[in-house]
Amino acid sequence: MATEKRGSAVAPPANMDDRSLVRMVVDYGTSVFAVVGSDLQKLHHDPMELITRAVQPALWLLLFGEVMAQVRGLSSGNLRYLDFLSAGVLAQSVLFVAIFYGIAAIWERDLGVLHRYLVSPAPRSALVLGKAVSASVRGLSQAVIVYLLAFVIGVAVDLNPIHVLGVVVFITLGSGLFSTLSLIIACIVKTRERFMGIGQVLTMPIFFASNAIYPLSLMPGWLRVVSHLNPLTYEVDALRALMLTGVSSEYGLPADFALLAAATALLWAGGDDQPGVVRALAARGLARPR
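Taken in order, the sequence shown gives residues 161 to 450; the numbers are from our numbering.
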């Protein structure tokens with residue numbers, strides 16, 4: 161009888177575990193959105209960034225697109241080249257915003273902001289996830305710009321709410337993938353200047369070795385193999401199918417999503433874990449000579 165009472169006293173209530181789990185999830189989400197809110201405040205205080213970032217997709221669509229539209233065979237099927245290019249420009253804008261996100265992390269390291277994150281009780285992975293979500297928000301702002309430009313030049317944009325939601329999902333996934341890659345690079349290099357060089361070396365091959373500005377059928381065999389290993393190829397394929405009217409995915413939307421999700425998971429799981437990435441980035445700042 162005493163043993164039964166002692167055993168029943170030790171066992172915690174079932175609903176206590178549930179409340180603890182909910183509290184952990186809420187605390188983790190709060191930490192993530194604290195990072196996102198900090199980045200959005202920077203965007204709010206400097207709205208000129210959105211205007212300057214609108215220049216690049218405008219140049220690609222209004223200059224490059226209008227000129228290359230005169231060349232036959234650049235688009236697939238009966239699709240106009242400007243329609244074909246618009247999804248590629250959207251993916252490129254998301255790529256460029258996300259891949260250079262590591263510069264902000266290096267800047268925060270130099271200012272000591274990152275070290276304040278490290279001494280806070282927030283999980284280290286919340287910082288990485290928060291940066292990825294912030295990159296997604298900026299990527300979505302680029303999507304608004306590209307959609308408006310596409311309307312101006314007469315692109316057959318699909319405004320089906322489900323397809324628009326699909327565009328949001330793939331932009332979020334692509335931003336998370338490339339911003340995580342950016343943070344991993346940032347934890348390796350010591351200076352913003354070196355990061356800029358590495359970022360440019362990465363973005364150009366990723367962009368040109370994809371189906372963003374020309375179909376894969378025009379590529380030589382070796383480049384076609386490289387493009388099939390390129391995550392941007394599958395993001396462009398999904399965005400083109402969801403953004404344009406009457407266009408279907410070459411690989412299938414489930415395959416596009418699965419491959420992008422697998423690449424993102426590989427970056428998160430491979431090499432250092434998320435906390436290791438953040439500590440390595442901070443350690444670079446602590447090791448800098450004064």
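The C-beta atom is built at its ideal place from N, Cα and C for all residues, glycine as well.
Nothing here was measured: the structure is a model prediction, and the numbers come from that model.
Counting along the chain, where does the alpha helix (DSSP H) carrying residue i start and finish?
i: E353; result: 352-368
i: S335; result: 321-346
i: G248; result: 241-259
i: V315; result: V315 -> no alpha helix (DSSP H), and no H or E assigned at all.
i: G381; result: 381-388
i: L210; result: 208-213
i: V396; result: 391-403
Out of the options, state which residue places its alpha-carbon closest to the alpha-carbon of residue i.
i: L245; options: F311, L221, T340, F355; result: L221
i: I331; options: L309, T363, A295, M356; result: A295
i: L399; options: V192, L420, T363, P365; result: L420
i: F368; options: T393, V317, D243; result: T393
i: N238; options: L413, T405, Q216, F355; result: T405
i: P217; options: L255, F193, L234; result: L255
i: K291; options: A310, I305, S342; result: S342
i: K202; options: M228, V297, E226, R240; result: V297
i: P391; options: D416, M228, I348; result: D416
i: T363; options: S180, R352, F260; result: F260
i: S370; options: E395, V317, D270; result: E395
i: D243; options: D397, I322, L271, L413; result: D397
i: A286; options: V195, V315, S253; result: V195
i: L413; options: L402, A423, A422; result: L402
i: L264; options: T351, A418, M379; result: The sequence given here has Ala at residue 264, not Leu. Comparing Cα-Cα distances from A264 to each of T351, A418, M379, the minimum goes to T351.
i: R240; options: M208, C347, V227; result: V227
i: S125; options: D270, A425, L319; result: A question about residue 125 goes unanswered here, because the residues of the chain that appear run from 161 up to 450.
i: V215; options: Q230, Y411, L250, S409; result: L250
i: A418; options: V329, C347, S408, N320; result: V329
i: S409; options: P321, V327, L210; result: V327
i: A310; options: V192, L219, L200, A423; result: L219
i: G334; options: A422, F193, A316, N320; result: A422
i: G262; options: T190, D199, M379, F193; result: D199
i: I266; options: M379, Q230, L223, E353; result: E353
i: C347; options: M184, R269, I313, P380; result: R269
i: V457; options: M379, I322, V317; result: Summary: the structure shown does not reach residue 457, with the chain confined to residues 161 through 450, and so no result is reported for it.
i: I313; options: M184, A229, I211; result: A229
Pull up the CB-CB distance for residue i and residue j, whole angstroms please, since I reckon it's below 8 Å.
i: L337; j: L427; result: 7 Å
i: A372; j: G248; result: 3 Å
i: I358; j: I366; result: Contact doesn't hold; Cβ gap of about 12 Å is too wide.
i: V361; j: F355; result: Not really, about 11 Å apart at Cβ, beyond 8 Å.
i: L257; j: R213; result: According to the sequence displayed, residue 257 carries Val and not Leu. Confirmed, about 7 Å.
i: Y374; j: L271; result: Not a contact, Cβ separation roughly 42 Å.
i: V306; j: S253; result: 6 Å
i: V293; j: V192; result: 6 Å
With 9 Å set as the bound, which would you pick, yes or no: does the beta-carbon of residue i sit closer than that to a beta-carbon of chain C?
i: L383; result: The chain inventory of the structure shown lacks chain C, comprising one protein chain alone.
Would the beta-carbon of residue i be found less than 8 Å away from any heavy atom of the ligand MG?
i: Q360; result: Inclusion of the ligand MG in the displayed structure is not the case, the ligand content being empty and no account of it being possible.
- Message: Pairs of beta-carbons, one from the stretch 294-311 and one from the stretch 378-387, closer than 8 Å: are there three or more?
- Response: Touching, no, given that fewer than three Cβ pairs across the two stretches are closer than 8 Å.
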